[in-house]
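K.L.:
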Amino acid sequence: MFAALGILILISTSCYGLDNGLAKTPPMGWLSWERFRCNTDCVNDPENCISEKLFQTMTDLVVADGYASAGYEFINIDDCWLEKHRSHDGKLLADRQRFPNGIKALSDYIHSRGLKFGIYEDYGNFTCAGYPGIIGYEQEDAFQFAEWNVDYVKLDGCYSLPLEMDLGYSTFGKLLNSTGKPMVYSCSWPVYQIYAGIQPNFSAVKTYCNLWRNYDDIQDSWTSVENIIDYYGNNQDLIAPNAGPGHWNDPDMLIIGNFGLSYEQAKTQFAIWSILAAPLLMSVDLRTIRPQFKRILQNRKIIAVDQDPLGIQGRRIYKHKGIEIWSKPIGPLYENFYSYAIAFINRRSDGTPSDISVTLKELGLINFNGYRVEDLYENVDYGVLYPNTKIKVKVNPSGVVMLKGEVQFPN
Ligand code: GLA
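Using mature numbering (1 follows the signal peptide of the UniProt record, and there is no 0), the letters of the sequence shown correspond one by one to residues -17 to -1, 1 to 394.
(1) For Thr271, is the classification buried or exposed, using 16 other Cβ atoms within 10 angstroms of its Cβ as the cut-off for buried?
(2) Thinking C-alpha only, which one of Tyr135, Asn108 and Phe82 is nearest Leu65?
(3) By DSSP, does Phe128 sit in helix, in strand, or in coil?
(4) With 8 angstroms set as the bound, which would you pick, yes or no: does the beta-carbon of Asp2 sit closer than that to a beta-carbon of chain D?
(5) Looking at the ligand GLA, does it come within less than 7 angstroms of Cys111, judged from the CB to the closest heavy atom?
(6) Evaluate residue 406 with the Cβ neighbour count: other Cβ atoms within 10 Å of its Cβ, from every protein chain shown; 16 or more gives buried, anything less gives exposed.
(7) Check Phe(-16) in the structure and name its three-state DSSP category.
(8) Would you report the Cα separation of Ser(-4) and Tyr191, rounded to the nearest angstrom?
(9) Run through the stretch 286 to 372 for me and flag every whole beta strand (DSSP E) of 3 or more residues, listed as ranges in chain order.
(10) According to DSSP, simplified to helix, strand and coil, what is Ser381?
(11) In angstroms, rounded to a whole number, what distance separates the CA positions of Asn282 and Pro115?
(12) Does the stretch 212 to 227 touch the stretch 21 to 40, meaning 3 or more C-beta pairs lie closer than 8 angstroms?
(13) Between Tyr360, Phe392 and Asn132, which lies nearest to Tyr369 when the distance is taken from Cα to Cα?
(14) Can Trp195 be considered in contact with the ligand GLA, in the sense that its beta carbon sits closer than 7 angstroms to one or more heavy atoms?
(15) Is there at least one non-hydrogen atom of the ligand GLA closer than 7 angstroms to the beta-carbon of Trp16?
(16) Roughly how far, in whole angstroms, is the beta-carbon of Trp195 from the beta-carbon of Cys170, given that I think they are within contact range, below 8 angstroms?
(17) Can you tell me which of Val167, Ile255 and Leu269 puts its alpha carbon nearest to the alpha carbon of Ser381?
(18) At 3 residues or longer, what runs of the beta strand (DSSP E) sit wholly inside the stretch 139 to 192?
(19) Please say whether Leu14 and Asp48 have beta carbons closer to each other than 8 angstroms?
(20) Quick check: the Cα distance between Ala125 and Asn319, rounded to an integer number of angstroms?
(21) Can you determine whether any heavy atom of the ligand GLA sits closer than 7 angstroms to the C-beta of Asp61, and answer yes or no?
(22) What is the DSSP secondary structure of residue 401, counted as helix, strand or coil?
(23) Glu307 and Arg330 look like a contact to me (Cβ under 8 angstroms); what is the Cβ gap, rounded to whole Å?
(24) Give every residue of the same chain whose Cβ lies closer than 7 angstroms to the Cβ of Ile349, excluding the five residues on either side of it in the sequence, and list them in chain order.
(25) State whether the stretch 92 to 102 contacts the stretch 134 to 151, with contact taken as three or more CB pairs (one from each stretch) at a distance under 8 angstroms.
(26) Based on the DSSP output, what are the partners of Asn27 in its beta bridges?
(27) Using the C-alpha atoms, what's the distance from Pro315 back to Ile285?
(28) Heavy atom of the ligand GLA less than 7 angstroms from the Cβ of Asp139, yes or no?
(29) So is the beta-carbon of Ser171 under 7 angstroms away from any non-hydrogen atom of the ligand GLA?
(30) Buried or exposed for Glu147, please, with buried defined as at least 16 other CB atoms from any protein chain shown within 10 angstroms of its CB.
(31) DSSP on Trp64, reduced to helix/strand/coil?
(32) If I'm right that Ile201 touches Ile211 with Cβ under 8 angstroms, what's the distance once you round it to whole angstroms?
(33) Using the Cα positions of Asp289 and Leu263, report the straight-line distance between them to the nearest angstrom.
(34) Just to confirm, does Asp233 get its C-beta within under 7 angstroms of one of the non-hydrogen atoms of the ligand GLA?
(35) With the cut-off set at 8 angstroms, would you say Gly294 and Ser310 are in Cβ contact?
(36) What residues in its chain sit with their C-beta under 6 angstroms from that of Tyr175, if we drop five residues either side in the sequence?
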């Protein structure tokens, strides 16, 4: 009897998922890919190539310019950090020219500034840009990351078979855990399966991964941001329920402050990403970002929406003639009544703001004690409003108005 119990306990612990206790709120940080890509030309472009210098510079700026105190904590390398071949004994090697001091030294540098360090690899024969992948070296690489004191691993899925990903990604998640070094695990598992026509097993994905990509890479354009917003809205019934503390959908990086988004569009990306409880990974040149974009990225009230401890992914609750309303339940709660963050977005391009009039009740804010309503970009406090109160917002073309309604308690 006792022996049988012992076996049962063994089975149940070995079936248990990632459970690394990490990413209780969506990860926040800086990631190189969207802005700096695979620029390996440090001879002609030393300031912008993928090199230890770039990551050190961004580390310094995340601290010095107030991003760290707003909550951004990871400095993450993306693709193109590797030599084209492993060492003779099978180890991953950082490019010797561009990372002359090696990955451990960069990791130490980032940690010494009070931040955390993330790295990129690929569950395949190669990374997407053609550097060595982890297949055949899973165990060695997981332990190598632990030895380098890595805090976050993004595991891409190029050059691998989507059908094998259920096994491959879950095995690597367990290997990361077995190192004893807690590492946030970012997976690209669902997106490659969706592209291959396979319906991902999301209950497995959320068991093994702290975050995962569902859809296309973000590019530096409003069209790209709109496509992602549409994907998350159109597929929300399937996607949204999978998010929660420790496991998040990742609609990809923030491109705020780059070349492709206007000020209004940048505000819209930040608002919708926070409604989606998305990881907030800036991919921008922090040396040259303009102050108005920095202010968006450091808007603490909107960051608090994203980081709300309940971890409920918001949804699109209205869409008609280019006007959309997105809503995310947040704390505090009164009995079963949530507070809400609400984003009104205007996808129209006729050159004048659009008016949206709606009662709180129509937005789902039905508690009779009312809600204290404030504008999260304009810092206007509307006081306590009630379910029958009609509010009217003016939303700029491709812009957003973002409100929070905090449920009131009876006196
Ligand atoms: C894929 C990923 C991107 C980026 C590149 C790097 O396209 O989705 O986020 O990591 O690979 O090559």
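Every residue, glycine too, gets a C-beta built ideally from N, C-alpha and C.
Everything numeric in this text was worked out from a predicted model, so none of it was measured.
P.N.:
In short, the structure shows the following:
(1) The residue labelled residue 271 in the question sits at position 288 within the sequence shown. Thr271 counts as exposed, since fewer than 16 other C-beta atoms from the protein chains shown sit within 10 angstroms of its C-beta.
(2) As a working note, residue 65 is residue 82 in the sequence shown. With distances taken between Cα atoms, Leu65 lies closest to Phe82.
(3) The sequence position of residue 128 within the sequence shown is 145, counting from 1. In the three-state DSSP reduction, Phe128 falls in the helix class (H, G or I).
(4) No chain D is present in this structure, which holds just one protein chain.
(5) Start at 1 with the first residue of the sequence shown, and residue 111 comes out as number 128. Yes - the ligand GLA has a heavy atom lying nearer than 7 angstroms to the Cβ of Cys111.
(6) Absent from the structure is residue 406, since the part of the chain shown begins at -17 and ends at 394.
(7) Within the sequence shown, numbered from 1, the residue matching residue -16 stands at position 2. Annotation note: pLDDT 40 at Phe(-16) (below 50); position unreliable, no value reported.
(8) For this step, residue -4 is matched to residue 14 along the sequence shown. For this step, residue 191 is matched to residue 208 along the sequence shown. Its pLDDT being 40, under 50, Ser(-4) is placed unreliably in this model, and the value from its coordinates should be taken loosely. Going by the C-alpha atoms only, they are around 13 angstroms apart.
(9) The stretch 286 to 372 contains these whole beta strand (DSSP E) runs: 298 to 303, 306 to 317, 320 to 329, 337 to 342, 354 to 358 and 363 to 368.
(10) If you number the sequence shown from 1, residue 381 lands on position 398. The three-state reading of DSSP puts Ser381 in coil, since its state is none of H, G, I, E or B.
(11) Taking the first residue of the sequence shown as 1, we reach residue 282 at position 299. Taking the first residue of the sequence shown as 1, we reach residue 115 at position 132. The straight-line gap separating the alpha-carbon atoms of Asn282 and Pro115 is approximately 39 angstroms.
(12) No, because fewer than three Cβ pairs between the stretch 21 to 40 and the stretch 212 to 227 fall closer than 8 angstroms, the two stretches do not touch.
(13) On the sequence shown, residue 369 is found 386 positions in, with the first residue counted as 1. Phe392 is the residue among Tyr360, Phe392 and Asn132 whose C-alpha sits nearest the C-alpha of Tyr369.
(14) Within the sequence shown, the letter at position 212 stands for residue 195. Not one heavy atom of the ligand GLA is found less than 7 angstroms from the C-beta of Trp195.
(15) Residue numbering aside, residue 16 sits at position 33 when the sequence shown is read from its first letter. Yes - the ligand GLA has a heavy atom lying nearer than 7 angstroms to the Cβ of Trp16.
(16) Taking the sequence shown and counting its residues from 1, one reaches residue 195 at position 212. Taking the sequence shown and counting its residues from 1, one reaches residue 170 at position 187. Contact between Trp195 and Cys170 holds: their C-beta atoms lie close to 4 angstroms from each other, under 8 angstroms.
(17) Looking up residue 381 in the sequence shown gives position 398. For the residues Val167, Ile255 and Leu269, the minimum Cα distance to Ser381 belongs to Ile255.
(18) The qualifying runs are 167 to 170.
(19) The count along the sequence shown starts at 1 and reaches residue 48 at position 65. The count along the sequence shown starts at 1 and reaches residue 14 at position 31. Leu14 is positioned such that its CB atom lies no closer than 8 angstroms to that of Asp48.
(20) Residue numbering aside, residue 125 sits at position 142 when the sequence shown is read from its first letter. Residue numbering aside, residue 319 sits at position 336 when the sequence shown is read from its first letter. About 43 angstroms.
(21) For this step, residue 61 is matched to residue 78 along the sequence shown. Asp61: yes, Cβ under 7 angstroms from the ligand GLA.
(22) Beyond the ends of the chain as shown, which are -17 and 394, falls residue 401; an answer cannot be given.
(23) Locating residue 307 in the sequence shown gives position 324, where the first residue counts as 1. Locating residue 330 in the sequence shown gives position 347, where the first residue counts as 1. Contact flag correct, Cβ pair sits at about 6 angstroms.
(24) Start at 1 with the first residue of the sequence shown, and residue 349 comes out as number 366. The residues Pro370, in chain order, have a CB closer than 7 angstroms to that of Ile349 in the same chain once the five nearest residues on each side in sequence are set aside.
(25) Segments in contact, yes.
(26) On the sequence shown, position 44 is the one that residue 27 refers to. When DSSP reads this structure, Asn27 sits in no beta bridge, so it has no partner.
(27) Numbered from 1 along the sequence shown, position 302 holds the residue referred to as residue 285. Numbered from 1 along the sequence shown, position 332 holds the residue referred to as residue 315. About 15 angstroms.
(28) As a working note, residue 139 is residue 156 in the sequence shown. Answer for Asp139: yes, Cβ within range of the ligand GLA.
(29) As a working mapping, residue 171 is identified with position 188 in the sequence shown. Answer for Ser171: yes, Cβ within range of the ligand GLA.
(30) Within the sequence shown, the letter at position 164 stands for residue 147. Glu147 sits exposed, since fewer than 16 C-beta atoms from the chains shown fall within 10 Å of its C-beta.
(31) Along the sequence shown, read from residue 1 onward, the residue named residue 64 stands at position 81. Of the three classes helix, strand and coil, the one that applies to Trp64 here is coil, per DSSP.
(32) The residue labelled residue 201 in the question sits at position 218 within the sequence shown. The residue labelled residue 211 in the question sits at position 228 within the sequence shown. 6 angstroms between Cβ atoms; contact.
(33) By one-based count along the sequence shown, residue 289 stands at place 306. By one-based count along the sequence shown, residue 263 stands at place 280. Here the alpha carbons of Leu263 and Asp289 stand approximately 8 angstroms from one another.
(34) Along the sequence shown, one-based indexing puts residue 233 at 250. No, since every heavy atom of the ligand GLA falls outside the 7 angstroms radius drawn around the Cβ of Asp233.
(35) Here residue 294 refers to the residue found at position 311 when the sequence shown is read from its first residue. Here residue 310 refers to the residue found at position 327 when the sequence shown is read from its first residue. No, these two residues do not count as a Cβ contact at 8 angstroms.
(36) In the sequence shown, counting from the first residue as 1, residue 175 sits at position 192. Only Gly140 and Pro145 meet the Cβ criterion.
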